[in-house]
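Residue numbers (my numbering): 1221 to 1547. Glycine included, every Cβ here is placed at the ideal spot set by N, Cα and C. Model, not experiment: these values are computed from the prediction. The structure appears below as structure tokens.
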Ligand code: KG4
Ligand code: ZN
């Protein structure tokens, strides 16, 4: 039996998970509410909250998996990218734990973790073309096998999660507003307002123009009606969300045609968006390619995605030397 403890602390969620022989046995996440009043993640506050959360979160992951520390075979941890102070808390904790237990330490790239979430409950055929959409990243990634991948395209400014959250802030929602845009959009008309489709540039993305066009739409509306946002909230959310989703899938379809994958996968926090999920599956049906989307708990930041990557690295004996740092 091999049992790997994994830790994820790259941003504002403290996560720990246990994977036993390739099956997720526990997955615990503690989200940090402290950032809401600042309208975004405050790095220093995030690091301090990780320090408070990490021991209870790891203990709960062990308890849920009915394991004790001395049954662990390795510790896997997010090595980057992410907020430096936040990474440092998880990484130092994992490194100390591996050292004190005399077991290997496995470093995992956070973005590789997001795409590996697609391997948790399903066995997608390779090559697997992934659309990774999160608060910090928007990428198209080709996965050749469980551990081999290449980034084909990325955002040149904001990530799509930021486009959701900044748009939501403009409409008066608290951070992170992406899920609220999703909620209100369900009652709105996606054709009520016209937003421009950003120009495509290879397989790269750009979202800052769309966010600005929402600002102009709101300013124009408020010049006629001071209560413009409240009077058109559902339609604004539906139209803005619809354009974001259409644009993501337009660029992804170009990649499908170019790389002819055997399966396609959607992952990252924004993969929780209901319109994107359903349009992504429709795209799979239209192109006759099997589509995969992880369970909600594996879309937003979590340690199970680090655990599954750690498991494949463990099988390859891809370990860090214990003097390794996050840099
Ligand atoms: O992957 P994640 O938890 O963190 C990063 O690695 O960035 O993604 C968080 C992002 C936030 O921008 C949040 O607003 C967005 O995912 N998000 C959503 C939804 N649920 C989460 N965006 C749109 N619709 C949703 N239902
Ligand atoms: Zn993430």
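Sorry if obvious, but does the Cβ on residue i come closer than 7 Å to a heavy atom of the ligand KG4?
i	result
residue 1361	no
residue 1398	yes
residue 1493	yes
residue 1354	yes
residue 1520	yes
residue 1441	no
residue 1231	yes
residue 1401	yes
residue 1377	no
residue 1384	yes
residue 1259	no
residue 1381	yes
From what residue to what residue does the beta strand (DSSP E) around residue i run?
i	result
residue 1298	1294-1300
residue 1288	That residue, residue 1288, is in no beta strand (DSSP E); it is neither H nor E in DSSP.
residue 1369	1369-1374
residue 1363	1358-1363
residue 1366	That residue, residue 1366, is in no beta strand (DSSP E); it is neither H nor E in DSSP.
residue 1223	1223-1228
residue 1513	Where residue 1513 is concerned, there is no enclosing beta strand (DSSP E), given that its DSSP letter is neither H nor E.
residue 1231	Segment: none, residue 1231 is in no beta strand (DSSP E) and carries neither H nor E.
residue 1490	Premise fails: residue 1490 is in no beta strand (DSSP E) and is neither H nor E.
residue 1171	The question about residue 1171 has no answer, for the chain in this structure spans 1221 to 1547.
Ordered along the chain, which non-local residues of its own chain (more than five positions away) have a Cβ less than 8 Å from that of residue i?
i	result
residue 1281	1225, 1236, 1237, 1238, 1246, 1247, 1248 and 1523
residue 1340	1244, 1514, 1515, 1518, 1524, 1525 and 1528
residue 1392	1449
Going by the C-beta, is residue i closer than 7 Å to any heavy atom of the ligand ZN?
i	result
residue 1270	no
residue 1488	yes
residue 1512	no
residue 1452	no
Residue i: which of the options sits nearest, CA to CA?
i	options	result
residue 1496	1474, 1481, 1463 and 1482	1463
residue 1418	1491, 1380 and 1529	1380
residue 1461	1362, 1331, 1300 and 1400	1400
residue 1383	1318, 1433 and 1344	1433
residue 1425	1408, 1229 and 1466	1466
residue 1300	1322, 1330, 1283 and 1312	1330
residue 1472	1375, 1317, 1258 and 1411	1375
residue 1306	1228, 1441, 1538 and 1453	1228
residue 1318	1333, 1335, 1294 and 1451	1294
residue 1414	1431, 1420, 1407 and 1404	1431
residue 1332	1409, 1304, 1486 and 1261	1486
residue 1398	1542, 1254 and 1260	1260
residue 1420	1313, 1396, 1474 and 1406	1474
residue 1232	1482, 1443 and 1356	1356
residue 1257	1504, 1394, 1509 and 1354	1394
residue 1304	1389, 1262, 1368 and 1521	1262
How would you write the range of the alpha helix (DSSP H) that residue i sits in, first residue to last?
i	result
residue 1465	1448-1479
residue 1314	1304-1321
residue 1428	1428-1444
residue 1528	1524-1535
residue 1333	1330-1336
residue 1507	1494-1507
Taking 6 Å as the limit between beta carbons, can you name the residues of its chain near residue i, skipping five residues before and five after?
i	result
residue 1250	1234, 1273 and 1277
residue 1492	1516 and 1519
residue 1289	none
residue 1264	none
residue 1291	1223
residue 1540	1325 and 1327
residue 1309	1229, 1267, 1270 and 1271
residue 1455	1408, 1409 and 1412
Sorted by chain position, which residues of the same chain lie with C-beta nearer than 7 Å to residue i's C-beta, five sequence neighbours on each side aside?
i	result
residue 1428	1377 and 1378
residue 1531	1224, 1239 and 1242
residue 1422	1373
residue 1287	1223 and 1238
residue 1364	1346 and 1347
Discussion item. In chain order, what are the residue ranges of uninterrupted beta strand (DSSP E) at least 3 long that sit wholly in the stretch 1371-1424?
Written reply: none
Worksheet item: What are the uninterrupted segments assigned as beta strand (DSSP E) that are 3 or more residues long and contained completely in the stretch 1240-1282, given in chain order?
Response: 1243-1251
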